[in-house]
Amino acid sequence: MLPHCSDAMLSRLKKMENKMIIDHIGFGVSDFEKSKEFYIKCLKSLGITLIREEGSTVGFGKNNKAVYWFGPSIEAYKPIHIAFAAENRTQVDEFYKAAIAAGGKDNGPPGIREMYHPNYYGAFVFDPDGFNIEAVCHKPG
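Residue numbers (the numbering used here): 1259 to 1399.
Here's what the structure looks like:
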């Protein structure tokens, strides 16, 4: 969890908008096909799509760059928390609805999380392996 954001932190967040700070991430899932279908459905609302499939590994991303990779594993790694950047609050709402419809479990519906900062609008779901997946928008209204 993020600590309460200072004005300096909010300023840095604003400058970082639309910039990835992680090149890529990869992990194992217990049911590859179930996870693949879950992420195809819930990430679509954020403009994130399936970019590449390499054997039994898939990569999701934007602009033809896969940054979110997973493949089958005997044991899923826990706990994992991943927050996807949303361009606006509507995308957060749509992510949540799509994730729940795809079989995700509620871990916090869309809403303001003032404990992080006044404009932190996020939604949280557990994916098929119980990973805490979030969509977040830092912009006001």
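Ideal Cβ positions, reconstructed from N, Cα and C, are used throughout, including at glycine.
Predicted model only: the values in this text are computed from it and were never measured.
Buried or exposed (CB count within 10 angstroms, at least 16 for buried), K1336: One-based indexing of the sequence shown puts residue 1336 at position 78. Answer is exposed; the Cβ neighbour count stays below 16.
Beta-carbon gap between D1364 and S1293 smaller than 8 Å: Here residue 1364 refers to the residue found at position 106 of the sequence shown. Here residue 1293 refers to the residue found at position 35 of the sequence shown. No, Cβ-Cβ distance for D1364 and S1293 is not below 8 Å.
Quick check: what's the CA-CA separation for C1300 versus V1316? Taking the first residue of the sequence shown as position 1, residue 1300 is located at position 42. Taking the first residue of the sequence shown as position 1, residue 1316 is located at position 58. Rounded to the nearest angstrom, the two C-alpha atoms are 15 Å apart.
Beta-carbon within less than 7 Å of D1289's beta-carbon, same chain only, minus the 5 sequence neighbours each way: which residues are those? Sequence index remark: in the sequence shown, residue 1289 carries index 31 (1-based). So the qualifying residues of the chain are P1386.
Could you pull the start and end residues of the beta strand (DSSP E) that E1356 belongs to? To locate residue 1356, count along the sequence shown from 1; it is residue 98. The sequence shown places Ala at residue 1356, rather than the Glu named in the question. That residue, A1356, is in no beta strand (DSSP E); its alpha helix (DSSP H) goes 1347–1359.
Locate the beta strand (DSSP E) running through E1311, then write down its first and last residues. Position 53 of the sequence shown, counting from 1, holds the residue named residue 1311. From DSSP, the beta strand (DSSP E) with E1311 extends over 1307–1312.
Would you call E1311 buried or exposed, if buried means 16 or more other Cβ atoms sit within 10 Å of its Cβ? The sequence position of residue 1311 within the sequence shown is 53, counting from 1. With fewer than 16 Cβ atoms within 10 Å of its Cβ, E1311 is classed as exposed.
Give me, in chain order, the residues of the same chain whose beta-carbon lies closer than 7 Å to that of Y1297; leave out the 5 immediate sequence neighbours on both sides. Taking the sequence shown and counting its residues from 1, the one referred to as residue 1297 is at position 39. Same-chain partners within the cutoff: F1318.
Considering only heavy atoms of the ligand MG, does any lie closer than 7 Å to the CB of T1315? The ligand MG is absent from the structure shown, which contains no ligand whatsoever.
So what does DSSP say about K1294, is it helix, strand or coil? To locate residue 1294, count along the sequence shown from 1; it is residue 36. In this structure, K1294 counts as helix in the three-state DSSP scheme.
My assumption, with CB atoms under 8 Å, is that I1391 sits in contact with V1383. Please give the rounded CB distance. Here residue 1391 is taken as the residue at index 133 of the sequence shown, counted from 1. Here residue 1383 is taken as the residue at index 125 of the sequence shown, counted from 1. About 5 Å; that satisfies the 8 Å criterion.
Hey, how far is the Cα of I1332 from the Cα of F1389? What you label residue 1332 is simply residue 74 of the sequence shown in a count that begins at 1. What you label residue 1389 is simply residue 131 of the sequence shown in a count that begins at 1. Those two C-alpha atoms are separated by around 16 Å.
Could you tell me the distance, in whole angstroms, from the CA atom of G1284 to the CA atom of P1330? By one-based count along the sequence shown, residue 1284 stands at place 26. By one-based count along the sequence shown, residue 1330 stands at place 72. Whole-angstrom Cα-Cα distance: 11 Å.
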